[in-house]
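In the order they appear, the protein sequences are chains A and B. Once you know that position 332 of the first sequence is 332 in our numbering, the rest is easy, because the numbers rise by one and skip nothing. Once you know that position 74 of the second sequence is 585 in our numbering, the rest is easy, because the numbers rise by one and skip nothing. A virtual CB, placed ideally from N, CA and C, is assigned to each residue, including glycine. Notes for the one structure printed next.
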Amino acid sequence: MQNAAATNGAGASQPKKLEPLIYDLGAPGRIGVNLPDCDVPKTALPADLLRADLALPEVGEVQVVRHFVKLSKLNYSIDQGLYPLGSCTMKYNPKINEDAARLPGFAQLHPLTDGDGAQGALFLMHELQTWLGEISGFEAVSLSPAAGAQGEFAGILMIRQYHIDRGEGQRDIILVPNSAHGTNPATVTMAGMSVRELPADAQGNVDLAALRDVCAGDLRDRIAGMMITVPSTLGLFEATILDVVEAVHDAGGLMYMDGANMNALMGAVKPGQLGFDVMHYNLHKTFSTPHGGGGPGSGAVGVTAALAPYLPGPVVAVIEEENEQEPPLYGLVMPEKSIGRLKAFQGNFGMHLRAYAYIRVYGDAGIRDVTRYAVLNANYLRARLMATYKVPYPRYCGHEFVLEGHFDDAEDVHALDISKRLMDYGFHPPTNYFPLIMPEALLIEPTETEVKEDLDAFVAAMERIAEEARSEPETLLNAPHTAPVRRLDEVKAVKELVLCCAPALPIGARD
Amino acid sequence: MGEWKTPAELKYADSDEWFAVDGNVVTIGITDYAQDQLNDIVYVEFKDAGDSVDAGDSFGEVESVKAASELYSAVPGEIIEVNTALEDEPEVINADPFGAGWMVKIRAADLQGIDGLMDAAAYDAYCDSR
């Protein structure tokens, strides 16, 4: 794919062909499995459960395998190359994680196995809770939320219940910076509270004066807390974070940290020591469990001692201390004032296994190196690209940074065009048009797993695209040229949704 | 950034709404600069005629291929008319933000909020600085 660049993209490398849907493959009666002879009498299915409207594909094993292999070749993944999708931390997922998750003792453990039969799994979860607490400086951790957004939801419900129990149920406002992830205001609304948006200052930090005004104003007694991402979604460390925490705490609110960007803090900064009361971890970002179609996620939450009784459950605890003969006995418990369950069983246990393996492999010093290399790689890219692109906040960044995807002397070219053109050069595009406070944003996060040669290749592609923006803007406006489909009509896609495969009719609605 | 129109007779909020005052009726839409920044608008949702809003409250939202944004009223009052045609054809906001792309009319309980808004020159300078 990278060679396509040398040909202006439009020529030599033939676009890959799309693969039909599995529903459009096969023929009646074709099957992919041979069942053994039935050793019990056959019975016809009840007529009222038979459905003629389910157009299930009838395909052989070879067709199925080829279909999905072809689809997988159309995909782009971190196993193929740099995936600088800012805010998503698309780091390489070590294969040893997968080995751990496939150990039969874990993989075949039934989620309803009683505690005595699941001590190994419970021990592992207890260790992971302890390590995550240590990494972030929190007293207690629950692994049960299924993803980051559910972790946020758990956090805000805990804050809400905390205030209610203190007789301050009127506290219903959560402060959210205007650079926040969209999930933050959505979480607040889902939790039945309301959002008060805060502006950013010229350096990209929360505007401290505006925050202090709100905390001293009419709404003071209604402030339940604040949700903030550190480093911010611009990839910048909040230089005044201690003042922010103090202002909100003084007003009686609690501090929620969106842990999406923990890849810039691990082993270097503990949010609990900054004064945060609760945060969620994205095990699927920071701790290398697969995501982006490879999910599921895991959004563990960590809290201070004051909030520990409210954690979503169950959590793993030592229910019988060890003695001279026996190791400790682990069990699942619901915290005393738990906000309840968010997920069936014990959360996404397969992700706990992978995150555990990741932390075990790196260890204390290795975890710190992850952060140091993530920050180094981002600053290296930022420094090299500053010569070609505008960097709106020219300070050292954390694990990611924002470029302006627009040039004064190439008015027609926008961030989206640059992103699409990167595909022709063999790279996944960065996040574009986020954070919203920055026009034409390209949010770039290389992660620690990239080597210098790959970072340099990305810089070369970005520099070439900047030249093309001036010399042949049409090439950018029509990109991608090598993908199986060309530029998609996003307006039409949003406004005129057409499903290729008709949804099945519900039982009872058929002819 | 590109060129944008800023009619002199309107008032402007830093959240990029324009306000036209006629007696106590205030018509609100979003600016040419805002529609240009948002790119193709694909969805709008407004409160209903008859609903009331406070100054600083959201009266609806606009969604483009790039982003979703809240729309804010600078005045308190009752929404007396909503441009429901935009629900089927939100692209009209891109094409004619100050004309057919108007969004709501509010019968203002007071007009104090208008005093705090920018005039066209101040809004242009504000957009230039972003």
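Could you check what DSSP says for residue i in three-state terms: helix, strand or coil?
i        : result
A/Ala133 : Reading the sequence as shown, one finds Gly at residue 133 of chain A and not Ala. If DSSP states are grouped into helix, strand and coil, A/Gly133 belongs with the helices.
A/Glu58  : strand
A/Asn432 : strand
A/Arg51  : coil
A/Gly350 : helix
A/Arg360 : helix
A/Thr229 : strand
A/Gly272 : helix
B/Val537 : strand
A/His126 : helix
B/Glu602 : helix
A/Met334 : coil
A/Pro177 : strand
B/Ile590 : strand
B/Gly624 : helix
A/Leu499 : coil
A/Glu453 : helix
A/Arg341 : strand
A/Ser87  : coil
B/Phe609 : coil
A/Leu442 : strand
A/His67  : helix
A/Ile367 : helix
B/Glu574 : strand
B/Leu549 : helix
A/Gly120 : helix
A/Asp277 : coil
A/Ile96  : helix
Ends of the alpha helix (DSSP H) at residue i?
i        : result
A/Met255 : Taken as a continuous stretch (DSSP letters only), A/Met255 belongs to no alpha helix (DSSP H), being part of the beta strand (DSSP E) at 254 to 259.
A/Asp165 : 148 to 165
A/Met190 : 183 to 190
A/Asp171 : Residue identity check: residue 171 of chain A is Arg in the sequence provided, not Asp. No alpha helix (DSSP H) contains A/Arg171, which DSSP labels as neither H nor E.
B/Ala579 : Premise fails: B/Ala579 lies in the beta strand (DSSP E), 579 to 583, not in any alpha helix (DSSP H).
A/Arg212 : 208 to 216
Note down the Cα distance separating residue i from residue j, rounded to an integer number of angstroms.
i        : j        : result
A/Lys452 : A/Leu311 : 42 Å
A/Ser194 : A/Leu208 : 21 Å
A/Val375 : A/Val214 : 33 Å
A/Val402 : A/Gly105 : 45 Å
B/Ala619 : B/Ser563 : 10 Å
B/Asp569 : A/Ala191 : Contrary to the premise, residue 569 of chain B reads as Ser rather than Asp in this sequence. Using only the alpha carbons, I get a separation of about 19 Å.
A/Pro271 : A/Ser136 : 5 Å
A/Arg384 : A/Tyr83  : 18 Å
A/Ser298 : A/Arg395 : 32 Å
A/Leu175 : A/Met227 : 6 Å
A/Phe68  : A/Arg102 : 22 Å
A/Pro429 : A/Asp39  : 55 Å
B/Ile590 : B/Ala560 : 5 Å
A/Val62  : A/Val33  : 11 Å
A/His126 : A/Tyr92  : 25 Å
A/Cys397 : B/Gly627 : 36 Å
B/Gln548 : B/Gly571 : 18 Å
A/Asp53  : B/Ile625 : 60 Å
A/Thr183 : A/Ala149 : 6 Å
A/Gly169 : B/Leu597 : 40 Å
A/Asp417 : A/Glu468 : 11 Å
A/Thr447 : A/Gly26  : 42 Å
A/Ser179 : A/Pro231 : 11 Å
A/Tyr23  : B/Cys638 : 51 Å
A/Pro204 : A/Thr130 : This sequence places Gly at residue 204 of chain A; Pro is not what is there. Straight-line Cα distance between these residues: approximately 34 Å.
Could you tell me the boundaries of the beta strand (DSSP E) in which residue i lies?
i        : result
A/Ile513 : It is not possible to answer for residue 513 of chain A, since the shown part of chain A is limited to 1 through 511.
A/Ile78  : No beta strand (DSSP E) contains A/Ile78, which DSSP labels as neither H nor E.
B/Val555 : 552 to 557
A/Ile31  : No beta strand (DSSP E) contains A/Ile31, which DSSP labels as neither H nor E.
B/Phe567 : The question names Phe, but residue 567 of chain B in the sequence shown is Gly. Taken as a continuous stretch (DSSP letters only), B/Gly567 belongs to no beta strand (DSSP E), as it is neither H nor E.
Let me see if you follow: with CB-CB separation under 8 Å, is residue i close to chain E or not?
i        : result
A/Pro439 : Absent from the structure: chain E. Protein chains present are A and B.
Report, in whole angstroms, the separation of the C-beta atoms of residue i and residue j, which I expect to be a contact under 8 Å.
i        : j        : result
A/Gly81  : A/Phe427 : 6 Å
A/Gly347 : A/Leu143 : 5 Å
B/Ile541 : B/Asp527 : 6 Å
A/Pro484 : A/Leu18  : 5 Å
A/Leu198 : A/Gly225 : At roughly 13 Å, the Cβ-Cβ gap does not stay under 8 Å, so A/Leu198 and A/Gly225 are not in contact.
A/Ile223 : A/Arg171 : 6 Å
B/Met614 : B/Phe530 : Contact flag wrong, Cβ pair sits at about 11 Å.
Any heavy atom of the ligand GDP closer than 7 Å to the beta-carbon of residue i?
i        : result
A/Pro430 : Looking at this structure, you won't find the ligand GDP or any other ligand, since it has none at all.
- prompt: Going along the chain, which unbroken runs of the beta strand (DSSP E) with 3 or more residues stay wholly within the region 377 to 420 of chain A?
  reply: You should have 401 to 404.
field: Ranges of the alpha helix (DSSP H) found wholly within the region 458 to 486 of chain A, counting only runs of at least 4
entry: 473 to 477
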